[in-house]
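Student:
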Amino acid sequence: MALQWFRVPRDVVFGTGTIEYVKQLKGSRAFISTGKGSMKTNGVLDKVISYLEEVGIESTVFDGVEGDPSIATVYRGVEKMKEFAPDLIIGLGGCSAIDAAKTMWVFYEYPNLSFNDIKDPFTIPELRKKAKFVAIPSTSGTGTEVTCVAVITDNQTGIKYPLASYEITPDIAIVDPEICKTMPPNVTADTGMDALSHSFEAYVSTMANEYTDTFSLESIKMISEWLPKAFADGEDIEARTKMHIAQNFAGIAFSNAILGLVHSMSHKCNTKVPLTHGRCNALLMPAVIQYNAKTAGARYAKIARTLGLAGNIDEDLVKALVEKVRDMNKSFGIPLTLKEAGLSEESFLAELKATSEAALNDPCTGTNPRKPTVEDIMELYKAAYYGSDVTI
1408 MALQWFRVPR
1418 DVVFGTGTIE
1428 YVKQLKGSRA
1438 FISTGKGSMK
1448 TNGVLDKVIS
1458 YLEEVGIEST
1468 VFDGVEGDPS
1478 IATVYRGVEK
1488 MKEFAPDLII
1498 GLGGCSAIDA
1508 AKTMWVFYEY
1518 PNLSFNDIKD
1528 PFTIPELRKK
1538 AKFVAIPSTS
1548 GTGTEVTCVA
1558 VITDNQTGIK
1568 YPLASYEITP
1578 DIAIVDPEIC
1588 KTMPPNVTAD
1598 TGMDALSHSF
1608 EAYVSTMANE
1618 YTDTFSLESI
1628 KMISEWLPKA
1638 FADGEDIEAR
1648 TKMHIAQNFA
1658 GIAFSNAILG
1668 LVHSMSHKCN
1678 TKVPLTHGRC
1688 NALLMPAVIQ
1698 YNAKTAGARY
1708 AKIARTLGLA
1718 GNIDEDLVKA
1728 LVEKVRDMNK
1738 SFGIPLTLKE
1748 AGLSEESFLA
1758 ELKATSEAAL
1768 NDPCTGTNPR
1778 KPTVEDIMEL
1788 YKAAYYGSDV
1798 TI
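Residue numbers (my numbering): 1408 to 1799.
#1: Tell me whether Lys1701 sits in a helix, a strand or coil according to DSSP, three-state version.
#2: Taking one C-beta from the region 1644-1662 and one from the region 1617-1630 each time, how about it: are there three or more such pairs within less than 8 Å?
#3: If you draw a straight line from the alpha carbon of Asp1494 to that of Leu1716, how long is it in whole angstroms?
#4: Shortest alpha-carbon distance to Gly1450 belongs to which of Tyr1482, Cys1587, Glu1465?
#5: How many angstroms separate the CA atom of Asp1734 from the CA atom of Tyr1458?
#6: Taking the alpha-carbon of Gln1411 as reference, which of Gly1424, Asp1506, Glu1617 has the nearest alpha-carbon?
#7: Would you mind working out which of Thr1551, Ser1795, Val1481, Leu1691 sits nearest Ala1766, comparing C-alpha positions?
#8: Thinking C-beta only, is Leu1452 closer than 8 Å to Val1468?
#9: Taking DSSP as the reference, what is the three-state secondary structure of Phe1739?
#10: Looking only at C-alpha atoms, which of Leu1743, Leu1666, Val1725, Leu1745 sits nearest to Asp1769?
#11: Can you find at least 3 beta carbon pairs, one from the region 1789-1796 and one from the region 1681-1696, that sit closer than 8 Å?
#12: Quick one: using the 10 Å Cβ neighbour count with 16 as the cut-off for buried, is Thr1423 buried or exposed?
#13: In the DSSP assignment, the alpha helix (DSSP H) including Tyr1778 goes from what residue to what residue?
#14: From the DSSP output, read off the bridge partner residues of Pro1569.
#15: To the nearest angstrom, how far is the alpha carbon of Leu1743 from that of Asp1524?
#16: To the nearest angstrom, how far is it from the Cα of Val1611 to the Cα of Arg1706?
#17: How long is the line joining the alpha carbons of Ala1492 and Lys1709, rounded to whole angstroms?
#18: For Lys1430 and Ala1557, what's the separation of their Cα atoms in angstroms?
#19: Hey, Ile1579 and Pro1416: beta-carbon distance below 8 Å or not?
#20: What's the C-alpha gap between Ile1497 and Val1455?
#21: Based on DSSP bridge pairs, tell me the residues matched to Pro1544.
#22: Could you tell me the distance, in whole angstroms, from the CA atom of Thr1576 to the CA atom of Ile1505?
Below, the structure is given as structure tokens:
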């Protein structure tokens, strides 16, 4: 039997008010990476700084991390990190702030490395020689607080690079749903559908196992039930709590089972169309499910049964699952096609082959249950663009 593993952070601290766990951190100097202002506006950043001060930990803030953090932003953060010399690094906010901090951490510990040295999967050397990492997510979506992944964008090429290494899995994840209450409905929906795509892809991955299956299926059930409620009422703390835990479960699942074509294709087309990462994933899911069903139909049927969808045979259950995803997208105001999302047909067709080639070479393609060709991916993109069913 091939060696298998299941890796998670040392501690996952969860529940309302658990941000106060910051006072139990051990260290002397904390570097906080955050986004463009939401954590400051809602008082969370000041609360974290205050908790650190209470226990004698000095802190500095690197803010302004953009959505889809760039290599340039990472390098700017690294320079500040070197000057401050922290023994704690805290990623606070959405996935962008945390992913950027994960990558800064690598260059802080290994200043002679370049981005090219670490962009291929599992090429990051051993960390924790200078600092440990704490992740405090403010969105219920990527699960980056428990994953081995950080997605960084090369703004010159528009290509997203999913850096992957268990070295960048945080040491401590603080999962406090109170932080999520100010998320607007569109962000709630986009991040929630991102989490759903993680669990779907982890469940059908070639690296899926009994551990990841358990987290995947439970996450899928919870998101299906609680995302509509969190979308409808952001102040519903029960819905926020369930979604924050569900996306965490999804992160644990895919960090160990990895992902598939939804993410490969999203990474390569997301910068070409005005969609968030989660929204792009949601849009691509129906086409990829139909394509993968040729080899993973029984697994998708199990998901459908878990959700209580109707169907006596696997084929009918897969169809019901595709419609379920489409219906969720509609209910959240997510475009059903890349054309509807605003990508011009001329641009789409001109870049189709190059984008498909890039998606084929994305690290996430390696664990997709069905092995695609460039031509296959081109057909999937066409289905996602025009809203047609996948028949190949």
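Ideal Cβ placement from N, Cα and C applies to all residues, glycine included.
Tutor: Once the coordinates are examined:
#1: For the purposes of this step, residue 1701 is taken as residue 294 along the sequence shown, with counting starting at 1. In the structure shown, Lys1701 sits in a helix (DSSP, three-state: H, G or I).
#2: yes
#3: Locating residue 1494 in the sequence shown gives position 87, where the first residue counts as 1. Locating residue 1716 in the sequence shown gives position 309, where the first residue counts as 1. Their backbone Cα atoms lie some 50 Å apart in a straight line.
#4: As a first step, residue 1450 must be located in the sequence shown, where it is residue number 43. Among Tyr1482, Cys1587, Glu1465, the Cα nearest to that of Gly1450 belongs to Cys1587.
#5: Mapped onto the sequence shown, residue 1734 falls at position 327. Mapped onto the sequence shown, residue 1458 falls at position 51. Each residue's Cα considered, the two are about 43 Å apart.
#6: Translated into the one-based positions of the sequence shown, residue 1411 becomes position 4. Ranking Gly1424, Asp1506, Glu1617 by Cα distance to Gln1411 puts Glu1617 first.
#7: Walking along the sequence shown from the start, residue 1766 turns up at place 359. Answer by Cα proximity: Leu1691.
#8: For this step, residue 1468 is matched to residue 61 along the sequence shown. For this step, residue 1452 is matched to residue 45 along the sequence shown. Yes, they are a contact pair.
#9: One-based indexing of the sequence shown puts residue 1739 at position 332. Here Phe1739 sits in coil by DSSP.
#10: For the purposes of this step, residue 1769 is taken as the residue at position 362 of the sequence shown. For Asp1769, the nearest C-alpha among the options comes from Leu1666.
#11: yes
#12: Translated into positions along the sequence shown, residue 1423 becomes position 16. So Thr1423 counts as exposed.
#13: As a first step, residue 1778 is located in the sequence shown; it is residue number 371 there, counting from the start. Before going on, a small fix: residue 1778 reads as Lys here, not Tyr. Here Lys1778 belongs to no alpha helix (DSSP H), and DSSP marks it neither H nor E.
#14: Here residue 1569 refers to the residue found at position 162 of the sequence shown. DSSP lists Val1558 as partners of Pro1569.
#15: Residue mapping note: residue 1743 aligns to position 336 of the sequence shown, counting from 1. Residue mapping note: residue 1524 aligns to position 117 of the sequence shown, counting from 1. C-alpha separation (whole angstroms): 38 Å.
#16: Translated into the one-based positions of the sequence shown, residue 1611 becomes position 204. Translated into the one-based positions of the sequence shown, residue 1706 becomes position 299. Rounded to the nearest angstrom, the two C-alpha atoms are 6 Å apart.
#17: Taking the first residue of the sequence shown as position 1, residue 1492 is located at position 85. Taking the first residue of the sequence shown as position 1, residue 1709 is located at position 302. Roughly 49 Å between the two C-alpha positions.
#18: As a working note, residue 1430 is residue 23 in the sequence shown. As a working note, residue 1557 is residue 150 in the sequence shown. Each residue's alpha carbon lies about 26 Å from the other.
#19: Translated into positions along the sequence shown, residue 1579 becomes position 172. Translated into positions along the sequence shown, residue 1416 becomes position 9. Against a cut-off of 8 Å, the Cβ pair of Pro1416 and Ile1579 comes out as a contact.
#20: Along the sequence shown, read from residue 1 onward, the residue named residue 1497 stands at position 90. Along the sequence shown, read from residue 1 onward, the residue named residue 1455 stands at position 48. C-alpha separation (whole angstroms): 10 Å.
#21: Within the sequence shown, numbered from 1, the residue matching residue 1544 stands at position 137. Answer by DSSP bridge pairing, in chain order: Gly1500.
#22: Here residue 1576 corresponds to residue number 169 of the sequence shown, with the count starting at 1. Here residue 1505 corresponds to residue number 98 of the sequence shown, with the count starting at 1. Their backbone Cα atoms lie some 11 Å apart in a straight line.
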